[in-house]
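These notes concern the structure reproduced below.
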Amino acid sequence: MALSKCPNSTIFQKSLSVNDFYFGTAGWNYPMGHISFVGKLDGETLKGGAPALTPGWTLDLMAKHSLDFWLTSEDLPDPNNRVTLDAEGGIVLSYKPNNEEGHKRLIAKLKELMQQQTKCDVHGHDCHEGLFARNLFVGQKIPLAGVAHQVGTIRFGSDPKSSALDENCKAHELENLYVVDGSFFVSSGAVNPALTIMANALRVGDHLIERLR
Numbered sequence: 015m016a017l018s019k020c021p022n023s024t025i026f027q028k029s030l031s032v033n034d035f036y037f038g039t040a041g042w043n044y045p046m047g048h049i050s051f052v053g054k055l056d057g058e059t060l061k062g063g064a065p066a067l068t069p070g071w072t073l074d075l076m077a078k079h080s081l082d083f084w085l086t087s088e089d090l091p092d093p094n095n096r097v098t099l100d101a102e103g104g105i106v107l108s109y110k111p112n113n114e115e116g117h118k119r120l121i122a123k124l125k126e127l128m129q130q131q132t133k134c135d136v137h138g139h140d141c142h143e144g145l146f147a148r149n150l151f152v153g154q155k156i157p158l159a160g161v162a163h164q165v166g167t168i169r170f171g172s173d174p175k176s177s178a179l180d181e182n183c184k185a186h187e188l189e190n191l192y193v194v195d196g197s198f199f200v201s202s203g204a205v206n207p208a209l210t211i212m213a214n215a216l217r218v219g220d221h222l223i224e225r226l227r
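Have a look at this one:
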């Protein structure tokens, strides 16, 4: 979330996304991720991530001066990041973040771009000179409990030793079992996987048509 001295009067913030730095940038040739706007935040929304004693009026004021972003970077495949069962059959999530340097660079790049905006869209001139910084940035990571777009766990590949499905999403050891949901992913990427899941399901469907002829 970027905070400016000038208010942001937008109620329904446009949905825009930037993938210019998805695969890296000058001086960093590795994936960084995806930048997008989120719907306009308000004080009540900010309360969920703020310290318990934060006054409500502070959050309302911040929201009125904010431009709100969602940054997503990819966790690289790691066999230790997995879902297992405990002795009683309960679900155990094992997760350790990686590729954090790429995410830090993505945040830094967004800050750099925002700081290049010196002309105020409200007043038509630079309103940020003076005692206080021109803009401030605050943010937080979404915890594991906030996970969405789950993929993986039944990865596909050419080698039965490292994958459960073949390239057509058929189980290596069974002739009549295909998996066409998000489980086949070997890595999540940093964007919504829905269209990829749909496209792959259509691809597997074409394969099945040919096989059953």
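To convert, count from 1 in the sequence shown and add 14; that's my numbering.
Yeah, the Cβ is synthetic: ideal placement off N, Cα and C, and Gly gets one too.
#### Entry: When Pro69, Leu226, Leu85 are compared against Glu189, the one with the closest alpha-carbon
Nearest to Glu189 by C-alpha distance, out of Pro69, Leu226, Leu85, is Leu226.
### Task
Measuring alpha carbon to alpha carbon, tell me which of Asn95, Asp89, Leu120, Phe35 ends up nearest Leu107.
The shortest C-alpha to C-alpha distance from Leu107 to any of Asn95, Asp89, Leu120, Phe35 is the one to Asn95.
#### Entry: Integer Cβ distance of Ala16 from Met128, believed to fall under 8 angstroms
Confirmed, about 5 angstroms.
### Message
For the alpha helix (DSSP H) containing Trp71, name the first residue and the last one.
### Response
Trp71 -> alpha helix (DSSP H) spans 70-78.
### Task
Enumerate, from N- to C-terminal direction, the unbroken alpha helix (DSSP H) stretches of 4 or more residues contained entirely within the segment 172-197.
DSSP runs (the alpha helix (DSSP H)) wholly in the segment 172-197: none.
### Message
Between the alpha carbons of Lys61 and Val152, how many angstroms are there, rounded?
### Response
In this structure, the alpha-carbon of Lys61 lies about 14 angstroms from that of Val152.
### Task
Take the Cβ of Tyr109 as the centre, count every other Cβ of all protein chains shown within 10 Å, and call the residue buried at 16 or more, exposed below.
Exposed, since its Cβ has fewer than 16 Cβ neighbours within 10 Å.
### Query
Contact between the segment 33-43 and the segment 162-172: three or more CB pairs below 8 angstroms?
Short answer: they don't touch.
### Query
How about Gly116 and Pro65: are their beta carbons less than 8 angstroms apart?
Taking C-beta atoms as the reference points, Gly116 and Pro65 fail to come closer than 8 angstroms.
### Message
Quick check: the Cα distance between Ile211 and Gln27, rounded to an integer number of angstroms?
### Response
Roughly 28 angstroms separates the two Cα atoms.
### Query
So, helix, strand or coil for Leu107, using DSSP?
If DSSP states are grouped into helix, strand and coil, Leu107 belongs with the strands.
### Query
Per DSSP, what kind of secondary structure is Ala66 in: helix, strand or coil?
Look at Ala66 here: in three-state DSSP terms it is coil, with no helix or strand label.
### Query
Using the C-alpha atoms, what's the distance from His186 back to Trp84?
Taking the straight line from one Cα to the other gives about 38 angstroms.
### Task
Just the C-alpha distance for Val200 and Ser50, rounded to the nearest angstrom, thanks.
Answer to the nearest angstrom: the Cα atoms are 24 angstroms apart.
### Task
Report the three-state DSSP secondary structure of Ala208 (helix, strand or coil).
Secondary structure at Ala208: helix, using DSSP grouped into helix, strand and coil.
### Query
Looking only at its own chain, which residues have a Cβ that is under 6 angstroms from the Cβ of Lys78, when we skip the five neighbours before and after it?
Sequence-distant partners of Lys78 (beyond 5 residues in either direction) whose C-beta falls short of 6 angstroms from its own C-beta, in its chain, are Pro21.
### Message
Rounded to whole angstroms, what is the Cα-Cα separation between Thr98 and Asn43?
### Response
Just so you know, the alpha carbons of Thr98 and Asn43 end up roughly 34 angstroms apart.
### Query
Looking only at C-alpha atoms, which of Met76, Lys118, Asp173 sits nearest to Ser18?
It is Met76.
### Message
Rounded to whole angstroms, what is the Cα-Cα separation between Gly144 and Ala40?
### Response
Only weak support is given to the placement of Gly144: the predicted model assigns it a pLDDT of 48, under 50, and the value that follows is read from those uncertain coordinates. Cα to Cα, the separation comes out at about 32 angstroms.
### Query
Candidates Ser31, Gly47, Asp56: which alpha carbon is nearest Ser23's?
When only C-alpha atoms are compared, the closest one is Asp56.
### Task
Evaluate Leu158 with the Cβ neighbour count: other Cβ atoms within 10 Å of its Cβ, from every protein chain shown; 16 or more gives buried, anything less gives exposed.
Burial check for Leu158: the Cβ neighbour count within 10 Å stays below 16, so the residue is exposed.
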